[in-house]
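What follows is one structure encoded as structure tokens, with my remarks underneath.
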Amino acid sequence: MAAVDAVDGRGPTTAAPTTGLVLAGIALAASGLPWTGGTPIVAVPGIDGSVVGVVLAAGAALAFGLRRHGVVDRRLGAPVAGLLSLALFSYALYQLMRPAIGTDAVPEVGIGLPVAALAGLGAAAVAVADYDAIADDAFWEKVKGVGVAIALAGGAFVGLYVAQLVAVVPLSLGRLAGLQFDLQSPPALAVVTAFSYLGTVGFVVLYLEGRDLPWSYVDVSVPTGRDLLATVGGLFVLLLLLGGITTLVQQLGLPSSDSQIQQQAMENPPLALYFVALSFLVIAPVEELAYRNVVQKYLYEHFTGRSAVVLAAAVFGAVHFSQYQSANPLATLTTLVVIFVLSLLLGYVYYRTENLVVPILVHGAFNGLQFLAVYLQATGQIPTA
């Protein structure tokens, strides 16, 4: 049988099912590696990971393979491959959550589980592209777009930490030279944080210069009445979402993790007040500039606006991994999912208003309220959760 050929004159469409086959194969191999330290639902000698994962990944690989060689039509093969891949991703999440729900147990995670989950999620996304009969050239352009967006986010992240290092090293040398100041004091931490974000700003400037983009590329304008309404509405929905997600997480008995700054602020309450101001003046403006005006706007060149919002939110969540990393992988994952959902709203607000000021105000107010709550909790003015 011939391989998948042109559809409606759009050119060959083999790239998507071929990529899906590769990802499903990776998931299949990963399903044979250790997943968790818990007892598997189905145990088979010789398989250290998940038998269910093996079956789902094998089914997805078969469906993609049949699609690759034109044996089945995309309208049947792509949905089957996509559903099996999505089922694999969902099952991997369930296996991670199962030993921890309603208990204080910290799940033991092997290498196989995250690899299988990510490969399954990627295969599900590729199945959508296969169903849409995206031509090979267009498919690889989208893959390139995702890769560049990840690289841009990585550049913004690296810029922040390089600037942080530049700020901390002289201060540390000053202490060694006999200067008297506390690096862990709220003013010192605030100064280092503000300076660190200059690294991200520097990366954005390099990006604009590198692509020969004018400063008007930065979508900053005086908010209109509609923008202010979107700001108030966005903040209200964001707080509503946070409350709903927090309640759901508590009902499921799932753990969550606090950021390193939140942990420090609980031990040193005045630090939280510094970060209320930094949220508006530094953190929100720079993060929205980098991850919305650069990453999300770049993705517009390769995807629809709504798809770009989702992808940028995923990237935004991923770059916060180190900040929320804890000994409990489920706690870290739970918090990153929350950040992803909240980032969806920020991205959508930017997409709809095309004014960076709006998500900056929403983001700044949201973070500021969180740090204010930390201060009130740390000083005993409101009870801790």
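Here the sequence shown is numbered in this note's numbering, starting from 1000 and rising by one per residue. No residue lacks a Cβ here, since even glycine has one placed at the ideal position from N, Cα and C.
- Item | Exposure label - E1353; buried when at least 16 CB within 10 Å | exposed
- Query: Would the stretch 1355 to 1374 and the stretch 1299 to 1316 be scored as touching if the rule is three or more Cβ pairs under 8 Å?
  - Reply: The stretch 1355 to 1374 and the stretch 1299 to 1316 do not touch, with fewer than 3 CB-CB distances between them shorter than 8 Å.
- Item | Other residues of its chain near G1081: CB distance less than 6 Å, five sequence neighbours each side excluded | A1123, A1126
- Task: Please work out which residues of its chain come closer than 8 Å, Cβ to Cβ, to G1233, disregarding the five sequence neighbours upstream and downstream, and give them in chain order.
- Result: L1344, L1345, V1348, V1357, P1358, V1361
- Tell me whether the beta-carbon of A1056 lies closer than 9 Å to the beta-carbon of G1119. yes
- CB-CB length for L1329 against G1316, believed under 8 Å: Not a contact, Cβ separation roughly 15 Å.
- Where does S1084 land, buried or exposed, given buried means 16+ other C-beta within 10 angstroms? buried
- Item | Best match in F1274, V1281, L1270 for proximity to L1197 [C-alpha to C-alpha] | V1281
- Task: Under 7 Å Cβ to Cβ from T1199, same chain only, skipping five residues before and after it: list those, please.
- Result: A1155, G1158, L1159, V1285, A1289.
- Item | Beta-carbon spacing of G1073, T1012 below 9 Å | The sequence shown places Arg at residue 1073, not Gly. Yes, the pair counts as a contact, with Cβ atoms nearer than the cut-off.
- Task: With a threshold of 16 other CB atoms inside 10 Å of the CB of E1140, please say whether the residue is buried or exposed.
- Result: E1140 is exposed by the Cβ-count criterion.
- With DSSP run on the structure shown, which of helix, strand or coil describes V1108? strand
- Buried or exposed by the 16-neighbour rule on C-beta atoms within 10 Å, applied to P1186: Note on P1186: under 16 other CB atoms within 10 angstroms of its CB, so exposed under the neighbour-count rule.
- Item | Supposed contact pair Y1297 and A1148 - C-beta distance, whole angstroms, cut 8 Å | With a contact defined as Cβ atoms closer than 8 Å, A1148 and Y1297 qualify at about 6 Å.
- What three-state label does DSSP hand T1352 in the structure shown? helix
- Task: Enumerate in chain order the residues of its own chain whose CB-to-CB distance from A1364 is below 7 Å, with the five nearest sequence positions on each side excluded.
- Result: Excluding sequence neighbours, A1364 sits near L1234.
- With burial defined as no fewer than 16 other Cβ atoms inside 10 Å of the residue's Cβ, what is the status of T1035: buried or exposed? buried
- Look at the alpha carbon of A1189 and the alpha carbon of L1368, and state the distance between them as a whole number of angstroms. 17 Å
- Message: Tell me which residue opens and which closes the alpha helix (DSSP H) that Y1093 is part of.
- Response: DSSP places Y1093 in the uninterrupted alpha helix (DSSP H) bounded by 1073 to 1096.
- CA-CA distance, A1326 and R1097? One C-alpha to the other measures close to 17 Å.
- Item | Bridge partners - T1035, DSSP secondary structure assignment | V1108
- Item | Distance, L1020 Cα to G1064 Cα | 6 Å
- Task: Answer with buried or exposed for Q1249, where buried requires no fewer than 16 other C-beta atoms within 10 angstroms of its C-beta.
- Result: exposed
- Could you pull out every residue in the same chain whose Cβ sits closer than 7 Å to the Cβ of F1274, ignoring the five residues on either side in sequence? I1260, A1264, F1370
- Query: Is L1065 helix, strand or coil when you go by DSSP?
  - Reply: helix
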